[in-house]
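Okay, so here's the structure we're looking at.
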Amino acid sequence: MKGSVQDQAIALAQQANQALAAADWSIALAGYRAALRLDPAIPGIYINLAAALKGLGKMAAARQACAQALRLDPHSAIGVRNWLALLDWADRTQAIQACHHLLDQIPESAALYVAAAHRLNNQDQFPELMDWVRSRPLPDTWRNLPSFDRAAIGYWQGLKHYFDGDLATAETWLQQAIADEVTYQPPHIQLSLILAEQRRLTEALAVLDAACARWPDHGTLRHNRALCLLTLGRWTEGFLENEWQWRSGQMTKQDLPGQEWDGTPIPDRTILIWADQGFGDSLQWARYLQWVADRCQTVILLCPKALVRVMRSAPGAGYVTDGVCETLHFNTHLPLSSLPRLTQTTVDRVPAPIPYLFPTTTEPLPLPKPVSKPDQRRVGIVWASGFRSGDRLEAVHRQKSSSLPELAAALNLPGVQLYSLQVDRSDADVAHLAQFGIIDLAPQIKDFADTAAYLAQLDLLITVDTAICHLAGAMGKPVWTLLCFAADWRWLLDRPDTPWYPTMRLFRQTEPGDWSEPLQQVRSALLAEQF
1285 MKGSVQDQAI ALAQQANQAL AAADWSIALA GYRAALRLDP AIPGIYINLA
1335 AALKGLGKMA AARQACAQAL RLDPHSAIGV RNWLALLDWA DRTQAIQACH
1385 HLLDQIPESA ALYVAAAHRL NNQDQFPELM DWVRSRPLPD TWRNLPSFDR
1435 AAIGYWQGLK HYFDGDLATA ETWLQQAIAD EVTYQPPHIQ LSLILAEQRR
1485 LTEALAVLDA ACARWPDHGT LRHNRALCLL TLGRWTEGFL ENEWQWRSGQ
1535 MTKQDLPGQE WDGTPIPDRT ILIWADQGFG DSLQWARYLQ WVADRCQTVI
1585 LLCPKALVRV MRSAPGAGYV TDGVCETLHF NTHLPLSSLP RLTQTTVDRV
1635 PAPIPYLFPT TTEPLPLPKP VSKPDQRRVG IVWASGFRSG DRLEAVHRQK
1685 SSSLPELAAA LNLPGVQLYS LQVDRSDADV AHLAQFGIID LAPQIKDFAD
1735 TAAYLAQLDL LITVDTAICH LAGAMGKPVW TLLCFAADWR WLLDRPDTPW
1785 YPTMRLFRQT EPGDWSEPLQ QVRSALLAEQ F
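Its first residue numbered 1285, the sequence shown is counted upward by one per residue in my numbering.
What follows is the structure in structure tokens.
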């Protein structure tokens, strides 16, 4: 009788379990093999057989035994966990291939699908995780998984569709993930980002408010909430909330001696202000240095080398250096990005007169003039934002950047001579510059002081949202800034102007990724000489 044979097999396996517990691997192995000769269809015996084989160092055989257990019971959580533990994850490519191979044999195993994805996620192998989600059909049985696993699948599917540009489907998956397991944080974060990217800021803020009520000390959620508040023009709340950036995992605060400055006047003390963000932010926040200087004896500004010379022109900058903090003597310190909070900056009250940055080059950098067209309007152009590596940063770079052929075609007008101030450019860009008759200034630019010297000689700058628009605005130069659909918080929503720079005009995308309308507006304004 089948039942009696199975009972005998189970009895032999139980005896082998005692040997396994005593680490008597050979005795355990013999017992499990004897049990499987009687009944080769009991998944649990294969799992224990794999443990005995592992104890004997026979890893390939152990993986085969555990795989057989999963073929018999594709939904066995312990079988999946043990099989994955037997893989050599030091060789991720081979381990992932093994997962694919086994899942091809048991495609209904949602347990294996999700456990392999968790393993990649826990090892911070994001590209491999996305490859797994894209390449593997989602098992039909995934809805039978525990709620946490269902939420994780919803989150990964949401990411996949987000990166594929299908925001509506991504949103549906993320909302389902939150419904499946509200205590799982990542879908809340990604959903808020997707809503904000569609300029649905009120909805994004509602998601973040609910999530922050559940996790009040979660740095990323709080920082994302700050960005929503700032975009909506709620700057008093936003700049206060923005201090959570230091607990978001994206920013690292310098470990400096002494207390951080709280804005209280200290007329006999030295304050170190250090640039904590990108070039553009530093140029924008330089407006606050005079406010700091009015409240202390000495200001030291620590910033990247490319900014040092031009930052020295800022009122109140004091001693400007790119040196190491250990060699500087100061009583207190503050990151540059905290100054808008301390000064209580609002949309209606942005401090510092324009200009507050000036050309500082000791050697003149004369602007080259075309021999055939000496009297034309001199317009500088920049078509791409600064590139920074990382999935999200690279996506931001692509969103904010146009292309040289697209920009040059729109601005190729009679009476206009274009000058390129784009420092990072490809060989194809250099060829296009020659094709369109654009004078390339980049080879002469060593830092932002050189850029400022050229800007001072131009009639207008037309640029995407990148550091040079802040430099031109801070110098009081006419600057037209092209903004992507989901523009950075500092440009607010829908405005054609900005409280930061009175000489700046904003030209916004009305559809994500489509520069045709703002470029047509720029072309029309240039024809009408509206600068």
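Where a beta carbon is used, it is the ideal one built from N, C-alpha and C, also for glycine.
In this structure, Val-1594 places its C-beta atom within 9 Å of the C-beta atom of Phe-1732.
Uninterrupted alpha helix (DSSP H) stretches at least 4 residues long and entirely within the segment 1294-1368 occur at 1309-1322, 1327-1339, 1343-1356, given in chain order.
If you draw a straight line from the Cα of Asp-1560 to the Cα of Tyr-1603, it comes to about 17 Å. Following the DSSP letters along the chain, one finds Met-1788 inside the beta strand (DSSP E) bounded by residues 1788-1792. Scanning the segment 1570-1595 from its first residue to its last, the whole alpha helix (DSSP H) runs of 4-plus residues come out as 1573-1577, 1589-1595. In its chain, beyond the 5 residues on either side, Ala-1399, Ala-1400, Arg-1403 have a beta carbon closer than 7 Å to the beta carbon of Leu-1368. Here the segment 1562-1572 does not lie against the segment 1705-1718, with fewer than 3 beta-carbon pairs under 8 Å apart. For Asp-1375, there is no enclosing beta strand (DSSP E), as DSSP gives it neither H nor E. Annotation: the segment 1711-1750 contains the following complete segments of the alpha helix (DSSP H) (minimum length 4 residues), in chain order: 1711-1720, 1732-1739. Burial state of Lys-1730 is exposed, judged by a 10 Å Cβ sphere holding fewer than 16 other Cβ atoms.
Burial check for Phe-1563: the Cβ neighbour count within 10 Å reaches 16 or more, so the residue is buried.
Nearest Cα to Gly-1503 within the set Gly-1522, Ala-1809, Gln-1534, Gln-1482: Gln-1534. Of Arg-1596, Thr-1646, Lys-1653, Gly-1542, the smallest CA-CA separation from Cys-1609 is found for Gly-1542. Separation of Ala-1307 and Leu-1320 (C-alpha to C-alpha, rounded to the nearest whole angstrom) is 20 Å. Remark: fewer than three beta-carbon pairs, one from each stretch, lie closer than 8 Å, so the segment 1770-1782 and the segment 1638-1657 are not flagged as touching. Between the C-alpha atoms of Trp-1528 and Leu-1489 there is a straight-line separation of about 16 Å. Cα atoms of Gly-1522 and Val-1663: separation of roughly 36 Å, rounded to the nearest angstrom. Collapsing the DSSP output to three states places Leu-1429 in coil. Per DSSP, the unbroken beta strand (DSSP E) holding Val-1763 starts and ends at 1763-1767. Excluding the 5 residues flanking it on each side, Ile-1331 has same chain C-beta neighbours closer than 7 Å at Cys-1350, Ala-1353, Ile-1362, Gly-1363, Asn-1366, in chain order. At the C-beta level, Gly-1797 and Gln-1683 come within 9 Å of one another. Boundaries around Trp-1558 are those of the beta strand (DSSP E), 1550-1558, since no alpha helix (DSSP H) includes it. The segment 1613-1631 and the segment 1540-1558 touch, with three or more beta-carbon pairs separated by less than 8 Å. Burial state of Ser-1288 is exposed, judged by a 10 Å Cβ sphere holding fewer than 16 other Cβ atoms.
The secondary-structure analysis by DSSP pairs Tyr-1603 across a beta bridge with Ile-1584. The continuous beta strand (DSSP E) containing Thr-1616 extends over residues 1616-1619.
Residue environment: Phe-1410 is assigned as exposed (fewer than 16 neighbouring CB atoms within 10 Å of its CB, all protein chains considered). For Leu-1702, the enclosing beta strand (DSSP E) has its first and last residue at 1700-1704. Taking Gly-1699 as the centre and dropping the five residues before and after it, the same chain places the C-beta of Gln-1660, Arg-1661 closer than 7 Å to its C-beta, in chain order. Counting the other Cβ atoms within 10 Å of the Cβ of Thr-1629 gives 16 or more, which makes it buried. The three-state reading of DSSP puts Thr-1630 in strand, counting E and B together. Taking one beta carbon from each stretch, the segment 1719-1726 and the segment 1748-1768 have fewer than 3 pairs nearer than 8 Å; the two do not touch. Spanning the alpha carbons of Gly-1757 and Tyr-1468 requires a straight line of approximately 43 Å. Residue range 1661-1666 is occupied by the beta strand (DSSP E) that includes Ile-1665. Rounded to the nearest angstrom, the gap between the Cα atoms of Thr-1794 and Leu-1777 is 12 Å.
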